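Report on one structure; see the data block that follows.
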Amino acid sequence: MERLLLWAGAILIFSHLLAEGFRRIRLSPVLGAITAGMLLGMLTDVAPPTMAIGRDDPTISFLAEIGILLLLFISGLDLNLVQFKEALRAGTSVAILGVFAPFSLNALLGYAIGLSGRPLLTFASIFTATSVGITSAILLETNSVSEDFGRTILTAAVIDDIIGVILMTIVLSTGSVTMLSVDLALFALCSILAIFFLKKAVHTVHEHLISPYSKMGVVIGIVLLFAYLTETLGLAGISGAFIAGVALSGLRESREIAEIANSLDRDFFLPFFFFTAGSLVNPRLLGHFDPLLLLVIPLTAAGKVLGCGLGARINGVTGLRKWIVGVGMIPMMEVVLILATLAVSRGIFDPTFGAQLMTTVILYILLGLILIPTALPRMIARARATV
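End of the sequence shown sits at 460 in the numbering used here; the numbers just go up one at a time, nothing left out.
Right, dumping it as structure tokens:
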């Protein structure tokens, strides 16, 4: 117990300190938290036996899982169903082609480096989900949200999130292509149950409880029970958390729920997830790094640009503007990190390949954070100059 208290305190302190440090030098605080996890993971290897804990300590892993569930729940809460209906019309082709192209390219790469079956499917799925947080900020700074390429990026990102969660559901549950229809049917069933029952239950809780913390405690309990239900049905618990968030997104209390849940998750639970993700990058397992694995970075970026660019062209976005859509869909963050972390920690890949994969994921995230804020504003300026 003493060792667990020591490391839990260290994880919380170093995660927040490095996140703040990275924020001050205008880098993503997420990278700071992951760096803290990498450093603390290395410390666990050299700490005296009386002070050390394993990189996969069950208590730390449990807290990390709660952080992931809450993060997916919040993502679902942020999904506006009215906007989603509009996105189905405007961004479907961009999202689907933007997932299909990198998935196909990385499946070929995975086959070339010797993967097959479930590991191959998981590897190809990891690098598909876009995170447009950086792109959204650039669109706001350049007053481009209302432009055709800006609207296309933001609507496609909504569908992209859904596809990402479905892919996670498949690869983390059965991992079998033959079970795809069963997984999707169960996903739809859970969605219907959530819409009909969760909404009413949470609304009743908010009507009869006074303390916002009591309300939040009950809501989180409901989310965990729904995650348990989806796990029992053979799906990933993260799917249940996401579905619960989507089901509650239309409530008038959803904004209050999201704010409290986000604060609780980012302040306490997520640092344990970032520790888990960072500690999976084990330098002792990187001695024979397969250079072919680094090809996933240009292949994923090229797949996003070509797939999303073609999808934008189908939607009537032409010229340089369609490539702006493609470049704007390159960044990845939480979803790719969650999928990679869960896949490695659950033994889908062997430890050596898992450490190499986590390193590649973090490199991709870092390059996206550095290059996209430089390239995208220039492309937008050129597109406007040629009108």
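Think of the CB as a built atom: it goes at the ideal place given N, C-alpha and C, for glycine as much as any other residue. Predicted model, so just to flag it, every value in this text is computed and none were measured.
Confirm, please, whether the CB-CB distance from residue j to residue i is below 9 angstroms.
i: L193; j: G401; result: no
i: A106; j: L365; result: no
i: L145; j: A314; result: yes
i: I311; j: L85; result: no
i: I139; j: A334; result: no
i: L372; j: T433; result: no
i: T165; j: A230; result: no
i: A168; j: I98; result: no
i: L337; j: I293; result: yes
i: L150; j: I330; result: yes
i: K377; j: A210; result: no
Between residue i and the rest of its own chain, which residues show a CB-CB distance below 7 angstroms, the 5 nearest in sequence each way excluded?
i: M406; result: V103, S204, G206 and I438
i: R451; result: none
i: V417; result: L353, G427, L430 and M431
i: I435; result: I107 and V354
i: D221; result: V390 and R394
i: A374; result: I403
Which two residues bound the contiguous alpha helix (DSSP H) that contains residue i?
i: L91; result: E75 to R97
i: G389; result: Where G389 is concerned, there is no enclosing alpha helix (DSSP H), given that its DSSP letter is neither H nor E.
i: G294; result: P285 to T305
i: I147; result: P131 to L150
i: V354; result: Segment: none, V354 is in no alpha helix (DSSP H) and carries neither H nor E.
i: M431; result: P424 to A458
i: S336; result: S327 to L337
i: I397; result: L393 to G401
Under 8 angstroms Cβ to Cβ from residue i, same chain only, skipping five residues before and after it: list those, please.
i: T459; result: G392 and L393
i: I186; result: D363, L365 and L366
i: S198; result: F176, L240, M241, I243, V244 and L412
i: W80; result: L113, T117, I126, D130 and I133
i: G94; result: G105
Would you say residue i reaches chain C, if we count a Cβ-Cβ gap shorter than 9 angstroms as a contact?
i: A374; result: Among the protein chains of the structure shown there is no chain C, as only one such chain exists.
Under three-state DSSP, which class holds residue i?
i: A120; result: coil
i: I126; result: coil
i: E214; result: helix
i: S23; result: No statement about residue 23 is possible, as the shown extent of the chain runs from 74 to 460 and does not include it.
i: R419; result: coil
i: G187; result: coil
i: E280; result: helix
Going by beta carbon distance, what residues of the same chain come within less than 6 angstroms of residue i, once the five residues before and after it are set aside?
i: A267; result: I316, A317 and A320
i: F346; result: A137, G140 and I141
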